[in-house]
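J.:
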Amino acid sequence: MSIPGLAARNLLRNKLRSFLTVSGVTVGVLAFVLLRTVIWAWTAQSEDTAVDRIVTRHKVTFVMELPMSHFDEIRSMKEVRCATYQNWFGGKDPSHDQEFFATIACDEKTLFDVYDDMETPPDQKKAFLEDKQGALVGEKLMQRLGWKLGQTVVLQSQIYPGDWEFHIVGVYKALRKAVDPAQVFFHWDMLNERRPARIKDHIGWIVSRVAPGASAARTSLAIDEHFDALDVQTLSQDEHAFQQSFLAMFSAVLTALDTVSLVILGIMMLILGNTLAMGVRERTGEYAVLRAIGFLPRHMVALVVAEAAALGFVGGAVGLAVAFPLINLGMGRYIEENFGGMFPFFRVTPSAAIVAMALSIALAVVASVPPALAAYRLRVVDALRRVA
């Protein structure tokens, strides 16, 4: 019989212990995959940004606005291919009071030039451009709130009082993870008409695409240097850095999740190590007999390591078999539908599954080192005398 075959038979000798160990590994792998999915979902948007897209805001804070003249000057720069501007509105549907989604006033004429990763049927795009009260809504938000194309919705804002009536004339599909698929876009002119005189013709931020051959980093620097001598200065960042600046506010949470995932792996390794140590101790006499009939110390080590790798593989496989339907078909779908503003994508990634399986096997092998060394150092005479 081969070493792997003998290791497999050893696992079946104490079925209850093997079952409990595999269950422990399964729970560990499941928890690890879930935590990694949370971290990935939190950072996925920043990792899939357009490399040539730049966000320009007020230098002091994102809350302070820019004069409209800044947009005209940025758009005229030779390093900039196209640009658009936006304002945060903070809308909420009174009939879905607990639902959060981004509502943004935009320049409808230049929006699609900068965001070519938003797909909208031509007829709906035309309707959005022509209807002053038209709203463009992400497909995920349409599904979540049960809205229909052609429907009139009333939104309220904590920033701009009153009821704001919009016509849903278009639905967009996000072609890139950096684009939130659960937003509402409406005409900036509609917002500007109802704003107080002191903030009329001011915009929240400017998004631009660099010209072919230009560098996003150098263009960002050129934009900020252009406004350095003016009263209202700017801070420009490529889209990835801009997204990361928001994630920095949650860095402590992400670090805590990373730490917890490592602790889970440590616990899983201790469970495996304890099971393997018990098995080696119980089979001391058997190992002595194997040594006496010609097996070498390295064969004992291989036997223990093979048993550990089998436990890690089975536990990892069962953990992933549970994780995929639980997260992708159950938990993930619920989170995307109800918390799409924070987690528009909540899925187990292939990389997370591969890492989980590899770590499950690797940690099992590491946990087998102490009992494998004990089997390697086993003295046949002493072991037989102990059994006798």
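Each residue of the sequence shown is one higher than the one before, starting from 398 at the first, in the working numbering.
Positions of the beta carbon are idealized from the N, C-alpha and C atoms, including for glycine.
Beta carbon of GLY535, beta carbon of ALA579: below 9 Å?
T.: Going by C-beta atoms, GLY535 is nearer than 9 Å to ALA579.
J.: If you draw a straight line from the C-alpha of PHE639 to the C-alpha of VAL452, how long is it?
T.: 7 Å
J.: Can you have a look at ILE668 and say buried or exposed, based on whether 16 or more other CB atoms are within 10 angstroms of its CB?
T.: The residue is buried, with at least 16 neighbouring Cβ atoms inside 10 Å.
J.: Relative to the alpha-carbon of ILE661, which residue among VAL511, SER757, SER473, GLU496 has its alpha-carbon at the smallest distance?
T.: SER757
J.: Quick one: what's got a C-beta closer than 6 Å to LEU417's C-beta in the same chain, skipping five residues either side?
T.: none
J.: Starting from ARG695, trace the beta strand (DSSP E) in both directions and tell me its first and last residue.
T.: Judged by DSSP secondary structure, ARG695 falls outside any beta strand (DSSP E) and instead within the alpha helix (DSSP H) spanning 694–720.
J.: Taking three-plus beta-carbon pairs below 8 Å as touching, is the region 700–712 in contact with the region 417–426?
T.: yes
J.: Quick check: the Cα distance between MET465 and ARG472, rounded to an integer number of angstroms?
T.: 11 Å
J.: Identify which residue in LEU654, GLY531, MET665, LEU588 has its Cα closest to the Cα of SER554.
T.: LEU588
J.: Roughly how many whole angstroms lie between the Cα atoms of SER659 and TRP439?
T.: For the record, residue 659 in the displayed sequence is Leu; it is not Ser. Looking at the two C-alpha atoms, the distance is approximately 18 Å.
J.: Determine the closest residue to VAL426 out of ARG776, ALA771, ALA718, with distance taken between C-alpha atoms.
T.: Comparing Cα-Cα distances from VAL426 to each of ARG776, ALA771, ALA718, the minimum goes to ALA718.
J.: Return helix, strand or coil for TRP544, following the three-state DSSP convention.
T.: coil
J.: Smallest Cα separation from ARG478: which of GLN630, ASP560, LEU693, SER612?
T.: The residue among GLN630, ASP560, LEU693, SER612 with its C-alpha nearest the C-alpha of ARG478 is SER612.
J.: On the criterion of 16 or more Cβ atoms from any shown chain inside 10 Å, does LEU627 qualify as buried, or is it exposed?
T.: exposed
J.: Tell me whether the region 557–571 and the region 600–618 touch, counting them as touching only if at least three CB pairs, one residue from each stretch, are closer than 8 Å.
T.: no
J.: Whole angstroms are fine: how far does the CA of LYS597 sit from the CA of GLU590?
T.: 8 Å
J.: Give me whichever residues DSSP pairs with PRO464 in a beta bridge.
T.: HIS599
J.: In or out: MET461 buried (at least 16 other Cβ within 10 Å) or exposed?
T.: exposed
J.: Name the DSSP bridge partner or partners of LYS570?
T.: GLU516
J.: Can you list, in chain order, the residues of its chain with a C-beta nearer than 7 Å to that of ARG743? Leave out the 5 residues immediately preceding and following it.
T.: Checking the sequence shown, residue 743 turns out to be Phe, not Arg. Within the same chain, PHE743 has close Cβ partners THR434, ALA438, GLY729, ILE732, GLU733.
J.: When the Cα of PRO593 is compared with those of PRO767, ASP469, TYR557, which residue comes out closest?
T.: TYR557
J.: I think PHE468 touches ILE565, with their Cβ atoms under 8 Å apart; what is that distance to the nearest whole Å?
T.: 27 Å between Cβ atoms; not a contact.
J.: Based on Cα-Cα distance, which residue from ASP490, ALA502, LEU508 lies nearest to THR481?
T.: LEU508
J.: Please name the residue, chosen from ASN725, MET665, ALA532, GLY601, that lies closest to PRO747 on a Cα-to-Cα basis.
T.: ASN725
J.: Name the DSSP bridge partner or partners of TRP561?
T.: LEU552
J.: Does the beta-carbon of PHE582 have 16 or more other beta-carbons within 10 angstroms, so that it is buried, or is it exposed?
T.: buried
J.: Taking the straight line between their C-alpha atoms, what separation do you get for LYS522 and GLN530?
T.: 13 Å
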